[in-house]
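Under UniProt numbering, think of the first position of the sequence shown as 1, with each following residue one higher. Glycine included, C-beta positions come from ideal geometry on N, C-alpha and C. If you're wondering where the values come from, they're calculated on a predicted model, not measured in any experiment.
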Amino acid sequence: MLTSGSRCVHRHPPSASPSSSPHLLFNLSLAYPSTTSFTHTSTKTTTVKHLSLSLSTYRRPPASTPIARLTATLGIEMERCRQYLIARNAHHLIERIQEFAESSSTVELAAIRLGCDPAHIAKSLSFSQKKPMSKAEAKAQQKMKEVRKQQQQQDGSGIAAAGGPPTITAPEDATIVVIVAAGDAKVSAKKYKEKFACQPKMLKREEVEACTGFPPGAVCPFGLNEDVRVYLDVSLKRFPHVYPSAGTSNTGMKVTIDELEQYASNAVEWVDLCEGWKPEDGTAIDVAQDANVAAKKVENEASKSAEVTS
C-alpha cells in the first residue's frame, strides 16, 4: 500500500551489481501533486497520486519524466527543510518554496532572485558560544572523550561513523546560536555581549553544516539541529513578509512574521541584537537617537532665549 510520508529506497538485488543494475536509488518523502506512472520489472504499471513509495524493484524512469527531473534537482538540505515542515503540518509553506537556476546564497543574490528589497531577506547567522564549565564538568568531558576514542579504536579504524570519514561536530563545551535578522541589519557586538555575556564568534565555514544541519549560504530557520538555539531579531518586524532560505543555496520562501515565529526551529525569543537597519519609512536609523537630538535642540534654544531676556 502506498501512503503519504513513506520512504522510497531501492536496494540492488543480491544477484546484481550497482554498475550492471538498471535500477535507480530513490530517497524521497513528499507529496507529488500530479499522477505519475512507474513500470515494474514484471511489466506492471502502478499509477499513484502521491509520491510516497516503499519499493525495491522499479526501473529507472525516463529522463523526461517529472520524477526524474525532480530527483536530479532535489537536495538533501531542501528535503530536510521540507520534512521539518511536513512534520508540523505546514504544507502551505512548502508550496511557497522557490528554487532558482542560479545562486541565492547572499542577501543581494537572494533579493534579485526573489524580486524583493535586500532588507526583506531573513538571513540566518550562526554563532558559537563557549560554555563556562566547572572542574567536575571538565573532568567528566575529558573522560567521555577517552571512552569514545577507545570505542573508535575497537571499531578498527578510529573513524567515528562506520563506512565514512569523521564528521565535524560542535564543540562539546559550546552552544550553537542562530540569529535570524533582516538583510540590512548587522549584529552589534555590544548588544550581543550584553545579551549573552560573551563576544560574538561566528562559526567557521567548515563548521556550519555539521553544527546547524545546513551548508554555508543556505542556513534555514526550519529544520535546524535540535541543539541549536534560534533568536529572531526585531529588525524583521518592520515587514509583513520576509524571505528566508529553504535549506539550499538556490532557494527561498515567503513567510509572514507570525509564521516565522510559529515554525522556526527551537525559537527562544525575539531579541534586539542588530544595528544599522532603518525603519520601514527609511527616515532614520534610530528613532530614539533622533528624539534625543531633538530634545537637545529644544534645550539649547531655550538656553539662548533665557540669555537674551536676562
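Could you round the C-beta distance between residue i and residue j to whole angstroms and report it? I think they count as a contact, below 8 Å.
i: residue 324; j: Lys186; result: Here the chain comprises residues numbered 1 to 310, so residue 324 is not present and cannot be evaluated.
i: Gln98; j: Thr251; result: 6 Å
i: Leu93; j: Glu209; result: Between Glu209 and Leu93 the Cβ distance is about 22 Å, and since that is not below 8 Å, they are no contact.
i: Ser245; j: Ser124; result: 7 Å
i: Ala90; j: Gln129; result: Contact flag wrong, Cβ pair sits at about 29 Å.
i: Gly192; j: Phe222; result: As written in the sequence, residue 192 is Tyr, which differs from the Gly given in the question. That belief does not hold up - the Cβ atoms of Tyr192 and Phe222 are roughly 24 Å apart, past 8 Å.
i: Val230; j: Val178; result: 5 Å
i: Phe127; j: Lys201; result: 6 Å
i: Leu114; j: Lys195; result: Leu114 to Lys195, Cβ: 30 Å. No contact.
i: Cys81; j: Cys198; result: Actually they are not in contact, since the Cβ atoms of Cys81 and Cys198 sit about 29 Å apart, beyond 8 Å.
i: Leu232; j: Glu261; result: 6 Å
Taking the DSSP output, what are the residues bridged to residue i?
i: Ala181; result: Lys123
i: Ile176; result: Ser128
i: Lys186; result: Glu275
i: Ser233; result: First, the amino acid is wrong: residue 233 is Asp here, not Ser. Val271, per the DSSP bridge assignment.
i: Tyr243; result: Ile121
i: Thr251; result: Glu99
i: Phe202; result: Per the sequence shown, residue 202 should be read as Met rather than Phe. According to DSSP, Met202 bridges with Phe127.
Tell me whether residue i is buried or exposed, calling it buried when 16 or more other Cβ atoms sit within 10 Å of its Cβ.
i: Met253; result: buried
i: Thr212; result: buried
i: Asp227; result: exposed
i: Ser15; result: Caution applies to Ser15, whose pLDDT of 42 falls short of 50 and renders its modelled position unreliable; the model cannot decide the point.
i: Met144; result: exposed
i: Met78; result: buried
i: Ile207; result: According to the sequence displayed, residue 207 carries Glu and not Ile. Buried, since its Cβ has 16 or more Cβ neighbours within 10 Å.
i: Leu111; result: The amino acid occupying residue 111 in the given sequence is Ala; Leu does not appear at that position. Ala111 should be labelled buried.
i: Val147; result: exposed
i: Ala218; result: buried
i: Pro279; result: exposed
i: Asn27; result: Reliability fails at Asn27, whose pLDDT of 40 lies under 50, so the model's placement of it is uncertain and no value is given.
What residue range does the alpha helix (DSSP H) around residue i cover?
i: Leu260; result: 257–263
i: Leu93; result: 91–94
i: Thr212; result: 205–212
i: Arg113; result: 107–114
Please decide whether residue i counts as near chain B, where near means a Cβ-Cβ distance under 9 Å.
i: Lys145; result: Of the protein chains in the structure, only one exists, and it is not chain B.
Are three or more beta carbon pairs between the stretch 241–250 and the stretch 143–153 nearer than 8 Å? Contact annotation: the stretch 241–250 does not touch the stretch 143–153, with fewer than three C-beta pairs closer than 8 Å.
Is there contact between the stretch 100–115 and the stretch 259–278, where contact requires at least three CB pairs shorter than 8 Å? Taking a cut-off of 8 Å for Cβ pairs, the stretch 100–115 and the stretch 259–278 do not touch, as fewer than three such pairs fall below it.
Any 3 or more C-beta pairs closer than 8 Å across the stretch 117–124 and the stretch 177–191: yes
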